[in-house]
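K.L.:
Protein chains: 2
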Amino acid sequence: MTIEPVAVYSTLLHEKFGLPRQAGLAGSLEGLVSLRGNWACADSLRGLEEFSHIWLIWGFHLNRPSGNRTVRPPRLGGNRRTGVFASRSPFRPNGLGMSAVEIVSIDFEKAEIKVKGADLADGSPIFDIKPYIPYSDSIPAASPGYTALEWKKLRVVFPEGIDRVFAPERLEALGQILSLDPRPHYQDDPQREYGLLFADRNIRFKVRDGVLEVLSFEERS
Amino acid sequence: MTIEPVAVYSTLLHEKFGLPRQAGLAGSLEGLVSLRGNWACADSLRGLEEFSHIWLIWGFHLNRPSGNRTVRPPRLGGNRRTGVFASRSPFRPNGLGMSAVEIVSIDFEKAEIKVKGADLADGSPIFDIKPYIPYSDSIPAASPGYTALEWKKLRVVFPEGIDRVFAPERLEALGQILSLDPRPHYQDDPQREYGLLFADRNIRFKVRDGVLEVLSFEERS
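Each protein sequence line maps, in turn, to chains G and C.
When the letters of the first sequence are read in order and numbered with numbering that gives the first Met the number 0, they come out as residues 0 to 220.
When the letters of the second sequence are read in order and numbered with numbering that gives the first Met the number 0, they come out as residues 0 to 220.
#1: Tell me, which residues are paired with T10 (chain C) by DSSP?
#2: What did DSSP end up calling Y185 (chain G) once you bin it into helix, strand or coil?
#3: Have a look at G:N37, G:F16, G:P19 and flag the residue whose alpha-carbon is nearest the alpha-carbon of A6 (chain G).
#4: The beta strand (DSSP E) with I53 (chain C) in it runs from where to where?
#5: In angstroms with no decimal places, state the Cα-to-Cα distance between G46 (chain C) and A140 (chain G).
#6: Report the partner residues of Y193 (chain G) according to the DSSP bridge assignment.
#7: When the Cα atoms are used, what is the spatial distance from L44 (chain C) to R68 (chain C)?
#8: List, in order along the chain, the chain G residues whose C-beta lies closer than 9 Å to that of A22 (chain C)?
#9: Counting contacts by CB-CB distance shorter than 8 Å, is H52 (chain G) in contact with chain C?
#10: Does any residue of chain G bring its CB to less than 8 Å from the CB of V5 (chain C)?
#11: Would you verify that the beta carbon of V83 (chain C) is, or is not, closer than 8 Å to some beta carbon of chain G?
#12: Please list the partners that D42 (chain G) has in chain C, where partner means a Cβ-to-Cβ separation under 9 Å.
#13: Give the residues from the region 107-130 of chain G that approach chain C closer than 7 Å (Cβ to any Cβ), ordered along the chain.
#14: Among all the DSSP beta bridges, which residues are the ones paired with L95 (chain C)?
#15: Flag this pair as yes or no: are the beta carbons of E111 (chain G) and H52 (chain G) separated by less than 8 Å?
#16: Would you give the residue range spanned by the alpha helix (DSSP H) that I176 (chain C) belongs to?
#17: Between the Cα of S86 (chain C) and the Cα atoms of G:V103, G:G76, G:Q186, G:Y131, which residue gives the shortest distance?
#18: Rounded to a whole number of angstroms, what is the C-alpha to C-alpha distance between I2 (chain G) and G160 (chain G)?
#19: Run through chain C and tell me which residues come within less than 8 Å of L95 (chain G), C-beta to C-beta.
#20: For Q21 (chain G), count neighbouring C-beta atoms within 10 Å of its own C-beta (all shown protein chains included) and say buried if the count is 16 or more, exposed if not.
#21: At the level of alpha carbons, what is the spacing between G122 (chain G) and Y8 (chain G)?
#22: Here's a check: name, in chain order, each residue in its chain whose Cβ is nearer than 6 Å to the Cβ of G94 (chain C), leaving out the five neighbours to either side.
#23: Please list the partners that Y8 (chain C) has in chain G, where partner means a Cβ-to-Cβ separation under 9 Å.
#24: Just curious, the alpha helix (DSSP H) that P133 (chain C) is in, first and last residue?
#25: So which residues on chain G does P143 (chain C) lean against when the C-beta distance must stay under 7 Å?
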C-alpha cells in the first residue's frame, strides 16, 4: 500500500540525538503540524477545537524501515533483546510512529496545529491525524511491561546568560529534553562532551554523577 | 511511502455492517493477529507477554482511502460535518486505523496473538503492532469532544436455542455488537429487518423502542 503525507512536522530538534524517546516525556516541547496539499484547509480540521489531544501517525524519516525482528530497548540498558512488536523502537517494519500529543492551538486559516509533548524530529512526515478518544484510547491499568522500570532523570545545570538567548518556555523544554539523558545507553564517561542541536544552537554538555552541566550554547555555524 | 502488512486479522465479523465503531466497545469479541512473512516467528514477539494491551495500526480494507476533507460522524446523528482529522471515520486519507486491544494469549510458535475488543473486520491487513505504554498512551483527562455524547445502547433479546449454536463467550460478544445498534444512523423503522453476518451465520433482527430482537440465526448459505 502506498501512503502519502497529509502534513509535516516542524520543531526545534533536527537530529535523532536528543529526541525524547516517547511522547509526553518533554511536555513543554512545542512543535507545529502543518497540513499539506489537498488537506491544507480549515475544513479538514473542523471541530478539532473540541478535543484536547490528537494522535499523530508519522514516519521515522531519520531511520530506514528495518527488517530486524528484535531490538534492544534503551530502557533495558541496551543489553536485552526484545521482539520489535514488543517495543516502540524507531527501527521497525514500516517505519511508522504513533504519538499522543496535546493541542496548544489551532490556526484554521493556515491549517496548522500547534502541539506540545511530541517525540518527532523536525521534518517528519505525518500520515494521519486523529482525535484522542479517552473511552477507547486511555487504558490507565494496562500493564506497562519493562517500561515500568524507572528512567533515572538527570539534574540539569544551565550556565549563566542562557536565559537571555532562550525564552522561559524554550528553556523549560530544553531542560526536560536534557533531563531525559540523551546519551547512548552504553556511555557513562564524565569527561566526554556531547553536542545537541536545539533551536539552531549547539548545546554542549557533560554528565557526572547524575548531573548534566550545559557548557555552552553557541549558534550553529 | 510503501508499506507492507506484517500480519493479518481474523475474526467473526466479515462485513462493515455490525463492526464496532471503536476499539473497546465490544470487549468480549475475540480475534487473531497472525504474523506474516519475515515477521512470522517467535522472535518478533519476544517479551510481549509482559504487556496486557497492544496497538494495531491497520488498513480499512473495506473502504477505499478517501480524498474527502469532511465526514459525518454517526455519533453526531450523521447530520453535522466535521473535519476528517477531527474524527475517527474509516473514510480517511491513507486508510489507516489505530486500535488499542487487549491481549488474551500469545502463541509464540505460531506467531499469533489472540486479542479482544478490536474493531477490525476479518482479513484486515496490519501494518504495525506496538505495546501499549500507559505513561505515554493513556490520557484519561483528555477532552472527549463530541464522543462524550451518550451512545444509547439497545437491549438485546435472543431467541430460544441460540445458546446451542454459540458458546457463551461468543453469544456475549454478539450481544455487545448488537447492543451498539449497527443500523445506519438515519434509519428507525421498526418493521425493517436487518441481517448481520457473524461467525458464518446470518443474524436477522428488528429494532423497536430501544429493544433489538434477534429473529433467526441461520447458517450462511
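Think of the CB as a built atom: it goes at the ideal place given N, C-alpha and C, for glycine as much as any other residue.
Please read all numbers here as calculations on a predicted model, not as lab measurements.
P.N.:
Judging by the given coordinates:
#1: C:G30
#2: coil
#3: G:N37
#4: 52-58
#5: Looking at the two C-alpha atoms, the distance is approximately 19 Å.
#6: Assignment of beta-bridge partners to Y193 (chain G) by DSSP yields G:F204.
#7: Taking the straight line from one Cα to the other gives about 37 Å.
#8: S135, D136
#9: yes
#10: yes
#11: yes
#12: R68, T69, R80, G82, V83
#13: F126, D127, I128, K129, P130
#14: In the DSSP output, where bridge partners are listed per residue, L95 (chain C) has C:G58.
#15: Not a contact, by the Cβ cut-off of 8 Å.
#16: Unbroken alpha helix (DSSP H) run through I176 (chain C): 167-178.
#17: G:Y131
#18: 46 Å
#19: I2, I56, F126, D127
#20: buried
#21: 5 Å
#22: Answer for G94 (chain C): G58, F59, P64, listed in chain order.
#23: Here the premise fails: no neighbours, minimum Cβ distance about 14 Å.
#24: 133-136
#25: I132, P133, Y134
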